[in-house]
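Protein chains in written order, with the numbering used here: chain B, 1 to 82; chain U, 83 to 328. Where a beta carbon is used, it is the ideal one built from N, C-alpha and C, also for glycine.
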């Protein structure tokens, strides 16, 4: 069963996923840009997969192209779940 | 070098006979749990599964047309083999609809592309979702010497096979750093039903090895590319053609 789509849950999922892509945990923050965190398109594709598996929310190519910061990703998932 | 997880499943499409069947046997002998996909060769697929089991391997027959629903084949493969992740994929299913381009119908073109090329993309895309997360995957696309090389009367087949080689390279580059390798094997003239009607004596004169290859020789190449030993081989095409492309 998909987890509840709350900002708190989604932020936890995203923050826990990013180190799997080699991101330094101390650099993770809502304001951080994916570019600064050295998170590329493959990482974002995998993050989308993690989010889909956890919350049932599908993020497509167009969506991923628009998100620049960690906060953007969290907000997008939360808005899709609303 | 990462190792294949113990419960890993390999799906081989079009595996009830010929090269596909030989690949299924070779992968099973190497420890993969093998999903033998077939479209209509139910009896042959069942016999193959029995033979693999008799040889000490694990296999299950999965009925399905690769032109319909890639995801369900992957799900069926996993379910039939104990729920293990599908971390091996051999895109082997293929058909021919030969004729000079001037006389090929739209259906002749569409059928060959829809069976030989498009499913390879869809199945690989969907399998990558698991492979990328697992940090392990082996995809082998069965291409052909026909594609990079002209073969009169097979413009559709050549386009599909050349397309498979291009697809292999780009997909390989996209996911290489996740421990997933994607390669192609390009058989030359191999003794199977697909080549049984051809003028073999004339053809072999143009082959440096002066003979057709066997399905087992193609399968050996696939077995290597699907193994842990081939972890640094990706985006390449291995020709098994008796020297035709040399």
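| task | Return yes when the C-beta of residue 183 of chain U is under 7 Å from any heavy atom of the ligand FAD, and no when it is not. | result | With respect to small molecules bound, the structure shown includes none, and the ligand FAD cannot be examined in it.
| query | Under the rule that 16 or more other beta-carbon atoms within 10 Å means buried, what is residue 243 of chain U, buried or exposed? | reply | buried
| message | Any beta carbon from chain B within less than 8 Å of residue 211 of chain U's own beta carbon? | response | yes
| task | Just mark residue 61 of chain B as buried or exposed, buried being the case when its beta carbon has 16 or more other beta carbons within 10 Å. | result | exposed
| request: Please report how far the alpha carbon of residue 12 of chain B lies from the alpha carbon of residue 260 of chain U, in whole angstroms. | output: 23 Å
| said: Less than 8 Å between CB atoms is the rule here; does residue 257 of chain U satisfy it with respect to chain B? | reply: yes
| task | Look at residue 340 of chain U and residue 269 of chain U and say whether their C-beta atoms are less than 8 Å apart. | result | With chain U covering only 83 through 328, there is no way to say anything about residue 340 of chain U.
| said: One question on the structure: do residue 28 of chain B and residue 42 of chain B come within less than 8 Å of each other, judged by their Cβ atoms? | reply: no
| I think residue 205 of chain U touches residue 246 of chain U, with their Cβ atoms under 8 Å apart; what is that distance to the nearest whole Å? | Between residue 246 of chain U and residue 205 of chain U the Cβ distance is about 12 Å, and since that is not below 8 Å, they are no contact.
| request: State the Cα-Cα distance for the pair residue 257 of chain U and residue 177 of chain U, rounded to the nearest angstrom. | output: 28 Å
| query | Quick one: is residue 46 of chain B near chain U, going by C-beta distance under 8 Å? | reply | Cβ-Cβ to chain U under 8 Å: yes for residue 46 of chain B.
| query | Under a Cβ-count criterion, where at least 16 other Cβ atoms within 10 Å of its own Cβ denotes burial, should residue 197 of chain U be classed as buried or exposed? | reply | buried
| field | residue 141 of chain U versus U/104, U/233, U/175 and U/154, residue with shortest Cα-Cα distance | value | U/104
| said: Once DSSP output is grouped into helix, strand and coil, what is the label at residue 269 of chain U? | reply: If DSSP states are grouped into helix, strand and coil, residue 269 of chain U belongs with the strands.
| Bounding residues of the beta strand (DSSP E) (the contiguous stretch that carries residue 319 of chain U) | Taken as a continuous stretch (DSSP letters only), the beta strand (DSSP E) holding residue 319 of chain U covers 319 to 322.
| query | Which whole-angstrom value is the C-beta distance of residue 238 of chain U and residue 191 of chain U, which I expect to be below 8 Å? | reply | 5 Å
| task | Would you kindly report the start and end of the unbroken beta strand (DSSP E) that includes residue 42 of chain U? | result | In the structure as shown, chain U begins at 83 and stops at 328. Residue 42 of chain U is therefore absent and cannot be evaluated.
| said: Which of the three DSSP states is assigned to residue 294 of chain U in this structure? | reply: coil
| Is residue 51 of chain U helix, strand or coil by DSSP? | Any answer about residue 51 of chain U is impossible in this case: the structure gives chain U only from 83 up to 328.
| said: Please tell me whether residue 215 of chain U has its Cβ less than 8 Å away from any Cβ of chain B. | reply: yes
| field | Inter-residue spacing [alpha-carbon to alpha-carbon] between residue 118 of chain U and residue 308 of chain U | value | If you take the alpha carbons of residue 118 of chain U and residue 308 of chain U, they lie about 16 Å apart.
| said: Tell me which residues share the same chain as residue 313 of chain U and place their Cβ nearer than 8 Å to its Cβ, disregarding the 5 neighbours each side in the sequence. | reply: These residues qualify, in order along the chain: 83, 84, 261 and 263.
| Does DSSP put residue 224 of chain U in a helix, a strand or coil? | strand
| Starting from residue 67 of chain B and walking both ways along the beta strand (DSSP E), at which residues does that stretch end? | Judged by DSSP secondary structure, residue 67 of chain B falls outside any beta strand (DSSP E); it is assigned neither H nor E.
| query | Do residue 254 of chain U and residue 319 of chain U come within 8 Å of each other at the CB atom, strictly closer than that value? | reply | no
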